[in-house]
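Quick notes on the structure that follows.
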Amino acid sequence: QLIDKFGSESNIVGTIHITTSHFIFRADNSSKEIWVANALIGNIEKGNLSAIGTYLTIRCKHFLTLNFLIAKDKDCQDLYETLLKCGRPVNIIDVFAFENREKNGRKRCWDRFNWQIEFARQGIGIADKHLWKINDFNVDYRYCDTYPEYLCTPSSATKQILIGSCKFRSRARLPVLTYWHRPNFGRFCRCAQPLTGFTARCVEDEQLMNLIAKTNPSYQSLCLIDTRPLVNAMMNKMQGKGYEDIKNYPNMRFHFFDIENIHVMRSSLNKLLDACQRTKTITDYYKQLESSGWLRHIRSLLDCSAFLADLVSRGISAVVHCSDGWDRTSQTVSLAQLLLDPFFRTIRGFQVLIEKDWLGFGHKFDDRCGHIGALNEEAAKEVSPIFTQFLDCVYQIMRLQPRAFEFNERYLIDIHEHAYSCQYGTFLGNCDKDRKDLNLAKRTLSLWSYIDDHHDDYINPLYEFQANKFSYLANVDLHPSAIVVWTAMYNRFDTGLLPRESTTDVTIATLEHIGVLEAQMASLQAVTFLAPSFLFMKMISGVMSDSGHSSTVSSGAQPTTPLQSLPELCMLLIFLHGIIDDNTSFPALQWQSLRAADECSSKNCGAEFATRVERRFHCYRCGKIHCRRCVTVTSDQRDRICYSCAAVNAT
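Everything in the sequence shown is counted per the UniProt record's numbering, starting at 1 for the first residue and increasing by one.
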């Protein structure tokens, strides 16, 4: 039995099916059907045996919680053990992405990102006056296996300097360029913490930092942003790591930001979910929310990113690092670029940003998302919602600047889900080298191909691209009151707590309806304008046929007198009716409200819309709402109609 966690509805009796790819619950009366990808299964909790059965709770990584009551304890135990095995594959090649057989082939969109093209777009090679170059220093991942093969470094940096810096940086992650700001030559690089300890230094690393500073002729001083709390950075010195000594880097200014580590963030998200999904009173909710510290962490990330963006917008160069340079560094440099560059606020540009600063620079998606091996305690400690936090920060900016983004909230939520679902190969592996070793481009599908196929689902109807107005989002309000809980994400499946319609979907549906009606008006106007000419031609043809003459009439012939008699008017009306019946299918004047749409309107489907995020489609002809599976496009690619209306048209 599926239990309603709010207790407002009776339990739903059904059957659980487990396949190699999905966990499926189907109600016996067909009123409900739930599909969950096995990789999305997070924590599984088995309760004690009671008089009515055993409780089993499944908490998913996309924030769905399922509570079951199973009559037999043995059945519950078997299900518990099976779910553990399905949700925690031992080897990455066991995930569903390697078996996913979707249409349109496997190779699409794996070339979405190219280092040379992206740096050329930023201006490297021409606008930078050749002060930077893309080199193959790390080809075959020779010196750093978590960096990409092609790195952008100062043109004057020798191979000896680069190798020396690699040896001095954690995980060999030396300072390299990630973003060059064309308007004023500002830029920022990224790297990992130095292996300084208390006294160590590296001449080559100091030289590389100096060369990075000199690539900015107008401001030859670097700002080093360490995203960690100063206390944490000082503790790392005891482990032989730490941060740069100002005595050895005289041309640098240092700034520390209090962004906590992965363990704090993991605990914070768990407390946030407890607040969002378990608390029953508003007092408990706010206490738990404050205890989680989640909004405080989000604001810390936004503060650091806004500071970095402000520096670069004023032409000041910066270097950013945390500990290993693949968590907090990826978050902050990505958000700063989102604020600075309108290209990254487009659907395609956001994909390039993720490919570059998350996938390319080695964010450990396998470890952080728990794709494999999370049964191991050490592996479980590596799980952390770093990418979730980044998307949350993007949402906060979108909410404050809705017209500056081409994509909508659904886009972020779907990317988040598939970062965990292992349905596509895009987010598999811990670094670029892992993905090449697994040959993912040939063996799996790219998430970007799915997004391309559903492009219209992710359009923001409020988007207003104005290069001057939105080139740099300088006025993002980071006051504490401006940072809110992203309920559409964390309460995604608690439909009673969310509006039954999103403003984005209502706007899109309204614009669609207006467009359909305007197209119909234009079609009718064309028919009524041409009707007198067609009628005149038909009348002349009939007269000439009766007189035995040819019915051919010059194409320029027009009626010279208005229709004056009642018979002529009746003939026109009959003629118009025939043309409209033969050539025009009228759209529905009224469309079903999104608010009342809980399930698909098709008689043979009735699929439930489990969340507000799921796209609801209006049939242009009947105006009712259907799921994606129950609509099609007419042969002329003009109208989206349901299969019932399509069948009527066919007859």
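Built from N, CA and C at the ideal position, the CB exists for glycine as well.
Owing to the predicted nature of the structure, the values given are computational and were not obtained by experimental measurement.
Asked: Pair within 8 angstroms by beta-carbon distance, I397 and L338; Found: yes
Asked: The beta strand (DSSP E) enclosing L224, as first and last residue numbers; Found: L222 to D226
Asked: The segment 227–242 / the segment 183–196 touching (three or more Cβ pairs under 8 angstroms); Found: yes
Asked: DSSP state of T137 mapped onto helix, strand, coil; Found: Checking the sequence, you will find Phe at residue 137 rather than Thr. It is coil, neither helix nor strand.
Asked: Outcome for residue 660 when other beta-carbon atoms lying within 10 angstroms are tallied against a minimum of 16; Found: Here the chain has residues from 1 to 651 only, and residue 660 is not among them.
Asked: Sequence-distant residues of its chain with Cβ nearer than 7 angstroms to D598 (five each side left out); Found: E608 and F609
Asked: Endpoints, beta strand (DSSP E) assigned at H255; Found: M252 to F256
Asked: Same chain only: Cβ atoms within 7 angstroms of E118, ignoring 5 sequence neighbours per side; Found: V352 and K356
Asked: Through-space distance from C630 to P461, alpha-carbon basis; Found: 24 angstroms
Asked: Closest residue to A39 among F25, N248, T19 and T57 (Cα-Cα distance); Found: T19
Asked: Beta-carbon spacing of E204, I246 below 8 angstroms; Found: no
Asked: Beta-ladder partner(s) of H618, from DSSP; Found: I625
Asked: T561, buried or exposed, once every other Cβ within 10 Å from all chains shown has been counted against 16; Found: For T561, the predicted model reports a pLDDT of 46, less than 50, meaning its position is unreliable; a value from the coordinates is still stated below. Exposed, because fewer than 16 other Cβ atoms sit within 10 Å of the Cβ of T561.
Asked: For H416, three-class secondary structure by DSSP; Found: helix
Asked: Whole-angstrom C-beta distance between I12 and residue 685, which should lie under 8 angstroms; Found: Because the chain is modelled from 1 through 651, residue 685 falls outside the range shown and cannot be assessed.
Asked: Assumed close pair R430, K364 - CB separation to whole angstroms, cut-off 8 angstroms; Found: At residue 430 the sequence reads Asn, which differs from the Arg that was named. Yes, N430 and K364 are in contact; Cβ-Cβ is about 4 angstroms, under 8 angstroms.
Asked: Same chain, Cβ closer than 6 angstroms to W358, neighbours up to 5 away in sequence not counted; Found: S330
Asked: Nearest-angstrom Cα separation, counted from H479 out to W294; Found: 15 angstroms
Asked: Residues near L230 by beta carbon distance below 7 angstroms, same chain, minus five either side; Found: F256
Asked: Span of the beta strand (DSSP E), counted from its first residue to its last, around R443; Found: First-last for R443: L440 to R443, but that is the alpha helix (DSSP H), not the beta strand (DSSP E).
Asked: Assumed close pair R266, V383 - CB separation to whole angstroms, cut-off 8 angstroms; Found: 6 angstroms
Asked: Sequence-distant residues of its chain with Cβ nearer than 6 angstroms to Y411 (five each side left out); Found: Y458
Asked: Contact check, C322 vs T227, beta carbons under 8 angstroms; Found: yes
Asked: Cutoff 7 angstroms; reference D145; Cβ partners in own chain excluding five residues on either side; Found: C431 and K433
Asked: Three-pair Cβ contact test at 8 angstroms for the segment 282–289 versus the segment 128–136; Found: no
Asked: Distance, C189 Cα to Y141 Cα; Found: 19 angstroms
Asked: Which residues DSSP lists as bridging F68, in chain order; Found: L2 and L56
Asked: Start-to-end residues for the alpha helix (DSSP H) that takes in K159; Found: K159 to F168
Asked: Between the CA atoms of I508 and F185 - distance to the nearest angstrom; Found: 39 angstroms
Asked: Reference G123; option with closest CA among T158, P183, D453 and K74; Found: P183
Asked: Inter-residue spacing [alpha-carbon to alpha-carbon] between T632 and H454; Found: 14 angstroms
Asked: Cβ pair E406, R492 closer than 8 angstroms; Found: no
Asked: Closest Cα partner of G623 within the set I44, I641 and L49; Found: I641
Asked: Contact set for T332: own chain, Cβ-Cβ below 7 angstroms, skip 5 residues either direction; Found: T227, L301, C304, S305, L308 and V320
Asked: Rounded Cβ spacing between residue 654 and S218 (contact assumed at less than 8 angstroms); Found: Given a span of 1 to 651 for the chain in the structure shown, any question on residue 654 remains unanswerable.
Asked: Span of the alpha helix (DSSP H), counted from its first residue to its last, around A646; Found: Y643 to A650
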